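**Student:** Those letters in the sequence shown? Residues 14 to 318, per my numbering, in order. Cβ atoms here follow ideal geometry from the backbone N, Cα and C, with glycine treated the same way. Source: prediction; values computed, not measured.
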Amino acid sequence: MSFAGYASEAYARALSFAGEPLHLPACGGWVLRRAIPGTPYFDAMGPYPLFACRDWSRLGEDLAALKRSGLVSLTLVADPFAPLTAAGVTGCFDLARPFKRHFVARLGGDVKQIATPHHLRNARRGLRRVQVNVVEDPSSHLDNWVGLYGELVARKGVADLRRFNRESFRQLLAMDDLVMLRASREEHSIGYRLFIQQGDTAYCHLSAYSRDGYRDGVSYALSRSAIDHFARTLTCIDWGGGVGAPDAANDGLAAFKAGWSNDSVDSWLLGAILDAGRYAQLSRAVPATQYFPAYRHGEFGQGAR
């Protein structure tokens, strides 16, 4: 049986550049098996940006199997809507703590009850300058998307897992659960936003805009259009979290997302030590840190979700 969105095999395969996809048969999720640099050992992490599965109550069974497989550790950022407490998930992990606050638009009512007047005013201005449409065949926009995302990577100096390659994007845009919104002016694409549909929620996945797109306010136009589109069939949009350290002050992206939201939920960071002896050996020379796993401290910058 196949599953949707971040819990799907198709999504895990799209991240094969970051690690070998491993299926967790009991809970129905996927993780990525990765070599630990400078060692003959392996650990695993959940797919970026969120781990999701069919049955959270059975994740413990999969952890037991991963321990027998010889992996050193497992790290996940859980779907913020996951029933972690009810399913007893946190008790299965050595580390379980709130990671990032996700901003959420609960749909079904007047948009004025979701978004701020400032954001709605900017959206009206943006929609006078650009056209926004839902792309019927996202794969046909692969070249345009890769080009705009490449500009984003260069402009922001992205040097972590978010440097997705073309093949990853090719697989992503072919997913049935992906929705692409396009902003254009005079038939030229100046901005895109990608969403992953999972259950009754649309997860804001990635965005990229040209210089003209920033000038024309496409971020506001795309956000308003997303609310109008998903309100027809879904109950909420998860815009994700801010940039940098969780809940950092003066986070402009978090403020932007909050302006399109009428609720918020926490994602949780979950870490399991699968081989205690090996974990201690690899972490012995690492200065005290809250990073998990400790032996990978400094590997990634903070993600944008």
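So A307 and D107 are in contact, right, with Cβ under 8 Å, and what is the actual spacing, rounded?
**Tutor:** Your numbering for residue 307 matches position 294 in the sequence shown. Your numbering for residue 107 matches position 94 in the sequence shown. So it is not a contact: roughly 11 Å between Cβ atoms.
**Student:** With DSSP as the reference, label P96 as helix, strand or coil.
**Tutor:** Numbered from its first residue, the sequence shown carries residue 96 at position 83. Of the three classes helix, strand and coil, the one that applies to P96 here is coil, per DSSP.
**Student:** Would you kindly work out how many angstroms separate the C-alpha atoms of Y61 and S29, rounded to a whole number?
**Tutor:** One-based indexing of the sequence shown puts residue 61 at position 48. One-based indexing of the sequence shown puts residue 29 at position 16. Near 11 Å, if we compare the C-alpha coordinates of S29 and Y61.
**Student:** Just verifying my parser: in three-state terms, what is the DSSP assignment at A298?
**Tutor:** Taking the first residue of the sequence shown as 1, we reach residue 298 at position 285. Correct three-state label for A298: coil.
**Student:** Residue range of the alpha helix (DSSP H) that N135 falls in?
**Tutor:** The count along the sequence shown starts at 1 and reaches residue 135 at position 122. Per DSSP, N135 belongs to the alpha helix (DSSP H) from 130-142.
**Student:** Check whether the stretch 170-180 and the stretch 210-218 touch, using three or more Cβ-Cβ pairs below 8 Å as the test.
**Tutor:** Touching, no.
**Student:** From E22, A23, G42, pick the residue whose C-alpha is nearest to that of E74; which is it?
**Tutor:** Position 61 of the sequence shown, counting from 1, holds the residue named residue 74. The residue with the shortest Cα to Cα distance from E74 is G42.
**Student:** Could you tell me which whole beta strand (DSSP E) segments of length 3 or greater appear in the stretch 96-120?
**Tutor:** Runs found: 108-119.
**Student:** Going by DSSP, name the residue or residues bridged to R46.
**Tutor:** Taking the first residue of the sequence shown as position 1, residue 46 is located at position 33. Note: R46 sits in a beta bridge opposite E33, A57.
**Student:** Checking the sheet assignment: what are the DSSP bridge partners for N146?
**Tutor:** Position 133 of the sequence shown, counted from the first residue, corresponds to residue 146. Paired residue(s): R195.
**Student:** Identify the residues that DSSP records as bridge partners of R285: which are they?
**Tutor:** As a working mapping, residue 285 is identified with position 272 in the sequence shown. Per the sequence presented here, residue 285 reads as Ala, with Arg not at that position. Answer is L87.
**Student:** Run through the DSSP bridge pairs and tell me what H201 is partnered with.
**Tutor:** Taking the first residue of the sequence shown as 1, we reach residue 201 at position 188. Note: H201 sits in a beta bridge opposite R198.
**Student:** Which residue wins for smallest C-alpha separation from A289, given the options V192, L84, P34, A25?
**Tutor:** Stepping through the sequence shown from its first residue, residue 289 is reached at position 276. It is L84.
**Student:** Pair every Cβ in the stretch 123-136 with every Cβ in the stretch 214-224, then say whether three or more of these pairs are closer than 8 Å.
**Tutor:** The stretch 123-136 is not in contact with the stretch 214-224.
**Student:** On the criterion of 16 or more Cβ atoms from any shown chain inside 10 Å, does S21 qualify as buried, or is it exposed?
**Tutor:** For the purposes of this step, residue 21 is taken as the residue at position 8 of the sequence shown. When all chains shown are included, S21 counts as buried.
**Student:** Would you identify the three-state DSSP class for A267, choosing helix, strand or coil?
**Tutor:** Numbered from 1 along the sequence shown, position 254 holds the residue referred to as residue 267. Helix at A267.
**Student:** In terms of residues, what are the limits of the beta strand (DSSP E) holding I250?
**Tutor:** The count along the sequence shown starts at 1 and reaches residue 250 at position 237. Element bounds for I250: 249-253.
**Student:** Assign L219 to one of three DSSP states: helix, strand, or coil.
**Tutor:** To locate residue 219, count along the sequence shown from 1; it is residue 206. L219 falls in the strand class under three-state DSSP.
**Student:** Determine which residues share a DSSP beta bridge with K209 and list them.
**Tutor:** For the purposes of this step, residue 209 is identified with residue 196 of the sequence shown, where counting begins at 1. In the sequence under discussion, the amino acid at residue 209 is Ile, which differs from the Lys named in the question. The partner list for I209 (beta bridge, DSSP) reads L191, Y216.
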